[in-house]
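Going by our numbering, the sequence shown opens with residue 281, and the numbers climb by one from there.
Glycine is no exception: its CB is placed at the ideal position from the N, C-alpha and C atoms.
Note that the structure is a prediction, hence the values are computed from the model and not measured.
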Amino acid sequence: MKIVFDEPVEPPFGVRVNGQHYRAMGVVDHTTKLGAVIDIMEWSALCWDCGRPFVARAKPNEIPGSRRCERCASPGKKARGKPRTALGK
Ligand SMILES: [Zn+2]
Numbered sequence: 281m282k283i284v285f286d287e288p289v290e291p292p293f294g295v296r297v298n299g300q301h302y303r304a305m306g307v308v309d310h311t312t313k314l315g316a317v318i319d320i321m322e323w324s325a326l327c328w329d330c331g332r333p334f335v336a337r338a339k340p341n342e343i344p345g346s347r348r349c350e351r352c353a354s355p356g357k358k359a360r361g362k363p364r365t366a367l368g369k
C-alpha cells in the first residue's frame, strides 16, 4: 500500500493503517539478490498477535505488509479482531 504525503516528511513519523501503528525509523541500504543497492524504509511496529515490538521493512513511501513479528508470522492469514497492543486501539 502506497503512502501519499501532502508535504515532505522526515523519519521518525508514525502512520496508522487498518488499526495498526507503524513508526518510520529511517532509510537503510538493502542489497537485492541481483546485487543492486536500494533504499528500504525500516518501520517499528507492535505485533498484532503478541504485542512484541518488531521491525518491518518496505520500499520508501509504502506501508509494510507484515503485521506480526517473526515468531507469530502467518503469511496469508489476515490479522483479525483487535490487536494486542495498547497502541492499536
Ligand atoms: Zn508476535
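- [ ] In the DSSP assignment, find the unbroken beta strand (DSSP E) run with E322 in it and report its ends.
- [x] Annotation for E322: the continuous beta strand (DSSP E) segment containing it runs 317-326.
Task: Secondary structure of A336, DSSP reduced to three states - done: Here A336 carries a strand assignment [DSSP, helix/strand/coil].
Open item on the list: I believe S324 touches R303 by the beta-carbon criterion, under 8 Å. Please report the beta-carbon distance rounded to the nearest angstrom.
Closed with: Yes, S324 and R303 are in contact; Cβ-Cβ is about 5 Å, under 8 Å.
TODO: Would you kindly report the start and end of the unbroken beta strand (DSSP E) that includes R360?
DONE: Premise fails: R360 is in no beta strand (DSSP E) and is neither H nor E.
- [ ] Note down, in chain order, each residue of its chain lying with its Cβ closer than 8 Å to the Cβ of P355, except the 5 sequence neighbours on either side.
- [x] Cβ neighbours of P355 beyond the five flanking positions: none.
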